[in-house]
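A.B. asks:
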Amino acid sequence: MGITMDKTTTAVEAAIARVGDGAAVMVGGFGVPGTPFILIDALLDAGVENLTLIKNEANEDHMGVSKLIEAGRVKKLITSHLGLNGAVIGMMNSGEIEVEFYPQGILAEKIRAGGAGLLGFVTDIGIDTILRENKQMVTVNGKEAIFEPALTADVALIHASVADRAGNLAYTKSGRNFNPLMATAADCVIAEAERIVETGGLDPDAIHTPAAFVDHIVPIRDVTAEYGILQHHVV
Amino acid sequence: MGITMDKTTTAVEAAIARVGDGAAVMVGGFGVPGTPFILIDALLDAGVENLTLIKNEANEDHMGVSKLIEAGRVKKLITSHLGLNGAVIGMMNSGEIEVEFYPQGILAEKIRAGGAGLLGFVTDIGIDTILRENKQMVTVNGKEAIFEPALTADVALIHASVADRAGNLAYTKSGRNFNPLMATAADCVIAEAERIVETGGLDPDAIHTPAAFVDHIVPIRDVTAEYGILQHHVV
Amino acid sequence: MSYKEKIARRAAREVAPGQVINLGIGLPTFIPHYLPPDFPVMIHSENGILGMGLRSERGTEDRNLIDAGGGYVTTLPGASFFDSALSFALVRGGRLDIAFLGALEVAENGDLANWIIPGKFAPGIGGGMELAQKARRLIITTTHTTKKGDPKIIRSCTLPLTAAGCVDTIITELAVIDVTDDGLTLREIAAETDLETVRNRTGADLILPGGGAAAVPTF
Amino acid sequence: MSYKEKIARRAAREVAPGQVINLGIGLPTFIPHYLPPDFPVMIHSENGILGMGLRSERGTEDRNLIDAGGGYVTTLPGASFFDSALSFALVRGGRLDIAFLGALEVAENGDLANWIIPGKFAPGIGGGMELAQKARRLIITTTHTTKKGDPKIIRSCTLPLTAAGCVDTIITELAVIDVTDDGLTLREIAAETDLETVRNRTGADLILPGGGAAAVPTF
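Those protein sequence lines, which keep their order, are chains A, B, C and D. What the first sequence shows, in our numbering, is residues 257 to 491, in sequence order. What the second sequence shows, in our numbering, is residues 257 to 491, in sequence order. What the third sequence shows, in our numbering, is residues 677 to 895, in sequence order. What the fourth sequence shows, in our numbering, is residues 677 to 895, in sequence order.
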């Protein structure tokens with residue numbers, strides 16, 4: 257008995273081929289940290305269309321998932337905030353893309369609920385706002401609250417700092433964000449990793465995503481400029 | 257600016273004095289690993305009564321929270337399974353204590369929901385069983401499901417392997433279990449720790465419970481036999 | 677070979693390489709002993725472990741490392757630890773390939789009862805309900821009959837259910853039986869028994885493989 | 677001193693030692709510069725940080741470490757990183773002592789509007805709604821009026837709400853105002869201004885401290 261499966265052997269193109277036209281795709285990341293740029297580029301190259309994209313934001317203009325959106329591959333975006341992406345706001349305003357907004361923690365919680373095999377959760381967030389419109393309401397202890405359905409996806413694209421061959425993942429600093437949640441919530445989980453270690457090379461108490469959740473690991477051979485410092489955010 | 261608060265300075269008796277008669281108390285641990293024996297003993301010494309106790313199990317006869325229950329301090333136990341505790345099963349059967357059972361993962365999820373400031377969640381677990389009796393039902397996509405209210409407590413008693421003075425916690429191996437969930441779900445969180453390090457001494461990526469959730473750290477000066485190997489579970 | 681060993685040995689053959697499995701308390705914990713050396717499998721334990729190995733040998737126990745039944749266990753390289761919420765997210769979210777559980781009663785429609793005998797045995801629920809309802813495949817490992825000799829495999833459960841229609845396969849000391857849309861289908865019988873005995877000790881109809889024309893394979 | 681500096685400096689004085697605080701995008705991020713050296717505080721960022729320090733100095737940026745606004749930041753000893761679910765569990769679960777946010781409109785009953793101008797400005801929701809609704813104390817840091825000179829502090833909001841009755845205190849370049857059960861209570865006015873000016877630029881009634889008998893303290 258051993259944990260000897262090696263999940264690093266599938267080529268990125270073959271892994272990304274799991275995303276079909278019309279698929280729902282979760283993409284990790286909050287800004288640059290944790291965004292799987294190489295997997296996004298591979299998805300762009302694969303040419304699939306009519307995607308439903310689930311991501312905290314849409315990265316910034318011409319970066320990351322914004323490339324997919326600007327190329328017209330995304331039919332619907334489920335997100336929290338687009339304040340740093342004028343291109344996508346423009347497409348939203350002109351009706352080129354449908355956008356569904358959630359409070360950031362509610363979006364995180366919907367994804368987590370999907371990963372946890374729940375049907376949804378009940379919250380009072382937004383109860384006094386226009387967000388309650390068209391929501392299913394539940395009465396708890398005599399007070400109305402909002403039912404938020406769980407969110408799942410066909411594929412999740414994840415960025416990890418380090419992975420072992422069995423598929424255990426660890427994230428670094430603010431690069432964790434939505435990644436561990438999305439890694440539980442999709443039928444197929446593809447993770448890129450900056451560093452690959454042999455199975456057993458990670459501290460079992462410090463693994464953020466256990467191997468059972470991960471289907472494919474794509475080693476990042478070159479941490480490109482996209483992963484680097486954005487000069488316009490430097491003081 | 258710095259994180260210089262030292263949460264290790266309160267004596268265990270003073271920390272435990274936060275638990276009043278009739279309080280709802282969450283206690284971490286699954287078997288011996290993660291059970292805060294020293295805090296439980298301090299609670300026993302404090303003599304408070306009519307407690308509502310929330311714990312995965314009741315430890316085994318005459319150990320851990322079973323001491324509180326056998327001493328008649330607990331009015332109600334919210335738990336998952338008592339298979340290894342004949343004393344408490346006996347008290348349940350004779351009506352000396354009220355016991356409310358949940359599926360183990362549903363109990364975990366109720367506590368997590370409390371910690372996450374949700375009102376509850378919706379699940380299909382138990383939908384075809386007697387567990388659905390007396391539950392609030394919610395219809396999701398035309399199918400009935402169970403609404404499970406979130407669970408919170410007045411105080412949580414937590415066992416950590418290591419803590420820093422600011423209140424960051426890390427757990428070891430199967431000692432993690434319910435501890436990080438309960439640490440989010442109580443008004444006052446008291447954690448005992450086998451080892452105290454200076455603030456900054458833990459890897460920020462490997463902290464399991466961030467300091468904001470923790471009110472008091474009680475250093476364990478002596479890891480007593482209670483924390484050790486149970487010979488009747490040795491093969 | 678004891679019943680327990682026979683069932684565990686046969687159950688081990690149901691595991692495919694690379695699967696994530698959970699072993700209920702008792703008999704199922706013997707299954708890993710019958711997996712081939714270096715067979716790739718990830719064993720999950722409800723209390724927050726993925727990648728368990730065999731039980732700890734005497735003197736090597738780790739006070740911080742038990743399985744959900746309280747036994748001291750080892751871990752394999754690649755193991756990870758997590759909290760109880762993530763542990764059951766793994767189960768309910770569909771990442772558990774097989775759960776092995778015991779049974780008080782299994783019905784021919786796949787209903788399972790294994791957690792309560794009202795008024796007699798009610799120690800709680802534990803993780804079994806979620807394992808039964810949400811594992812991708814549920815295999816029941818159990819003696820074919822109760823200690824009194826009554827069939828455990830019956831037309832419909834008399835005890836409160838753990839989950840409805842959840843059982844995929846039943847492995848006993850006498851037979852391997854699949855729950856199918858048509859009913860209980862006998863896949864194998866033990867070499868030491870015969871069809872007549874298996875039928876006599878089963879409280880529901882058994883469909884024979886290939887419509888009964890072929891001999892039933894033995895194990 | 678700019679408006680921004682004046683507001684941030686005054687806002688910093690609202691923080692008590694040992695508190696957990698969150699700083700909205702923009703003006704609030706300047707608050708830490710006005711905290712005393714070694715002042716014990718834990719700054720939370722929605723993207724999964726507790727224990728942020730000041731912005732990174734040029735050339736010391738870490739590509740894996742930004743705040744929720746995209747700025748490169750430092751961390752203090754005792755910092756921790758976590759996922760977005762735990763980050764908002766901290767907020768909604770009541771462990772955030774103060775959130776500082778900006779405003780488009782604040783009503784005299786504590787209603788806040790700061791996320792959408794229908795048809796004009798709708799970049800999304802972000803973390804602000806949960807911060808506004810669930811922080812133990814919500815302090816609005818904002819210019820007293822819009823760029824056009826219209827009051828932001830008004831009788832009732834005209835824009836869609838972020839949260840109802842959530843605001844505890846409003847800090848502007850002109851005044852510190854508490855939202856109380858009786859209405860908006862003027863706690864301090866800026867040394868550079870006078871009561872008449874503050875009243876003229878406020879679109880709701882202001883209650884004077886001590887019933888108006890005493891002079892309003894300045895800052």
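Glycine residues also receive a C-beta, built at the ideal position from the N, C-alpha and C atoms. Predicted model, so just to flag it, every value in this text is computed and none were measured.
(1) In or out: D:T894 buried (at least 16 other Cβ within 10 Å) or exposed?
(2) Are B:I310 and B:I353 close, meaning C-beta to C-beta below 8 angstroms?
(3) Taking the alpha carbon of B:H464 as the reference point, which residue from B:T291, B:D277, B:M438 has its own alpha carbon closest?
(4) Pick helix, strand or coil for A:F357, following the three-state DSSP scheme.
(5) Determine, for D:T751, whether the minimum Cβ-Cβ distance to residues of chain B falls below 8 angstroms.
(6) List in chain order: all unbroken alpha helix (DSSP H) runs of 4+ residues lying wholly within the segment 795-881 of chain C.
(7) With 8 angstroms as the threshold, decide whether the Cβ of D:P836 is near any Cβ in chain A.
(8) Under a CB-based cut-off of 8 angstroms, is C:R734 close to chain B?
(9) Can you give the beta carbon distance from A:H318 to D:P799, rounded, assuming they're within the 8 angstroms contact cut?
(10) Please tell me whether A:V453 has its Cβ less than 8 angstroms away from any Cβ of chain D.
(11) Can you name, in chain order, every residue of its own chain whose Cβ lies under 8 angstroms from the Cβ of B:I452, other than the five neighbours on each side?
(12) Identify every run of the alpha helix (DSSP H) within the segment 714-800 of chain D, keeping only runs that are complete inside it and at least 4 residues long; order them along the chain.
(13) How is the alpha helix (DSSP H) around D:A688 delimited, first residue to last?
(14) At 9 angstroms on the CB atoms, spell out the chain A contacts of B:E365, in chain order.
(15) For a contact meaning CB atoms closer than 7 angstroms, what does B:T408 contact in chain A?
(16) Between B:P405 and chain A, is there a C-beta pair that is closer than 8 angstroms?
(17) Going straight from the alpha carbon of A:G379 to that of B:E400, what length do you get?
(18) So, B:A412 versus B:M282, is the Cβ gap smaller than 8 angstroms?
(19) Quick check on B:P460 - is its C-beta less than 8 angstroms from some C-beta in chain D?
(20) Does A:F469 have its Cβ less than 8 angstroms from a Cβ in chain D?
(21) Cβ atoms of D:V843 and D:V782: under 8 angstroms apart, would you say?
(22) Could you check whether the segment 428-444 of chain A touches the segment 286-304 of chain A, counting it as contact only if at least three pairs of C-beta atoms, one from each stretch, sit closer than 8 angstroms?
(23) Can you tell me whether B:V288 is helix, strand or coil according to DSSP?
(24) Return yes when the Cβ of D:A890 is within less than 8 angstroms of the Cβ of D:A866, no when it is not.
(25) Compile a chain-ordered list of the residues in the segment 421-437 of chain B whose CB is closer than 9 angstroms to at least one CB of chain A.
(26) Could you tell me which whole beta strand (DSSP E) segments of length 3 or greater appear in the segment 403-435 of chain A?
(27) Is B:P475 close to chain D? Criterion is C-beta to C-beta, closer than 8 angstroms.
(28) Three Cβ pairs or more, each shorter than 8 angstroms: is that satisfied between the segment 756-763 of chain D and the segment 678-688 of chain D?
(29) Specify the secondary structure class of B:I383 as computed by DSSP and reduced to three states.
(30) Among the residues of its own chain, which have a CB less than 6 angstroms from the CB of C:G694, if the five just before and after it don't count?
(31) Excluding the 5 residues preceding and the 5 following A:V330 in the sequence, name in chain order all residues of the same chain whose CB lies nearer than 7 angstroms to its CB.
(32) Following the continuous alpha helix (DSSP H) through A:D301, name the residue where it begins and the one where it ends.
(33) Cα-Cα, which of D:R739, D:M728, D:N723, D:I883 is closest to A:Q487?
(34) When you compare the segment 746-755 of chain C with the segment 355-375 of chain A, are there three or more beta-carbon pairs, one atom per stretch, that lie closer than 8 angstroms?
(35) Is A:A447 near A:V479, with beta carbons less than 8 angstroms apart?
(36) Assuming A:N349 is part of the alpha helix (DSSP H), what are its boundary residues?
C.D. replies: On the basis of the coordinates in this document:
(1) exposed
(2) no
(3) B:M438
(4) strand
(5) So, interface residue.
(6) 804-810, 871-876
(7) Output row for D:P836: interface = yes.
(8) yes
(9) So it is not a contact: roughly 17 angstroms between Cβ atoms.
(10) no
(11) Result list for B:I452: T264, V418, A419, D420, R421, I473, P475, in chain order.
(12) Listed in chain order, the complete alpha helix (DSSP H) runs (minimum 4 residues) inside the segment 714-800 of chain D are 760-768.
(13) 679-688
(14) A372, L374
(15) Within 7 angstroms Cβ-Cβ: nothing; B:T408 doesn't reach chain A, min ~13 angstroms.
(16) yes
(17) The residue asked about is misnamed: residue 379 of chain A is Thr in this sequence, not Gly. Cα to Cα, the separation comes out at about 19 angstroms.
(18) yes
(19) Yes, its Cβ sits closer than 8 angstroms to a Cβ of chain D.
(20) At least 8 angstroms separates the CB of A:F469 from every CB of chain D.
(21) yes
(22) Because the criterion of three Cβ pairs below 8 angstroms is met, the segment 428-444 of chain A and the segment 286-304 of chain A touch.
(23) DSSP places B:V288 in coil when its eight states are reduced to three.
(24) no
(25) A426, Y427, T428, K429, R432
(26) 409-420
(27) no
(28) no
(29) coil
(30) Answer for C:G694: P716, listed in chain order.
(31) For A:V330, where only same-chain residues beyond five positions count, the Cβ hits under 7 angstroms are L307, L309, L324, I353.
(32) Residues 293-302.
(33) D:R739
(34) With the cut-off at 8 angstroms, the segment 746-755 of chain C and the segment 355-375 of chain A do not touch.
(35) no
(36) From DSSP, the alpha helix (DSSP H) with A:N349 extends over 342-349.
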